[in-house]
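Quick notes on the structure that follows.
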Amino acid sequence: MVHICTERTDLDELIGNQYWSGQHLCFHYGPLALAMKGGEELILEQCEALSPFMLAKVNFLLHDLFIDDTAEMIRPQEGFRLTLRRSEAIENREQKARAV
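Heads up, the sequence shown is in full-length UniProt numbering, so the first residue is 1 and it goes up one at a time.
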């Protein structure tokens, strides 16, 4: 599973959030919660857009994740992995700078 990060990516986007469907309050799981529940790899593309504080928050949640909205404890299933990937443009720019 791949999720593209921006400067505005927050925990609600990664974990999930509540929304109204008619007269019912529902919960939409985000990619981090889905990957943990399904034992999948989650690739956060363009991770350089995330603040150091946001990265620390994500790192803290990798062992157990409690979702207040659903009163649910999610423990990562076997096979769950989180991969941070920087954009190729930044990689290329840094490689060129090192070559000079």
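For glycine and all other residues, C-beta sits at the position ideal for the given N, C-alpha and C.
Contact annotation: E7 and A56 have beta-carbon atoms that are not nearer than 9 Å. In the same chain as R81, and ignoring 5 residues on each side of it, the C-beta atoms closer than 6 Å to its own belong to E41, in chain order. Across the structure, Q23 and H63 are spaced so that their CA atoms are roughly 34 Å apart.
Take C26, set aside five residues on each side of it, and the residues of its chain with a beta-carbon closer than 8 Å to its own are Q18, Y19, W20, in chain order. In the three-state reduction of the DSSP assignment, G16 falls in the strand class. Exclusion of the five residues before and after F66 leaves M73 as the residues of its chain whose Cβ lies within less than 6 Å of its Cβ.
Judged by DSSP in its simplified three-state form, F60 adopts helix. In this structure, G16 is the residue among F53, G16, C5 with its C-alpha nearest to the C-alpha of M36. Inclusion of R85 and L44 in the CB contact set at 9 Å is warranted, their separation being smaller than that value.
Under the DSSP assignment, L82 falls in the beta strand (DSSP E) whose first and last residues are 81-85.
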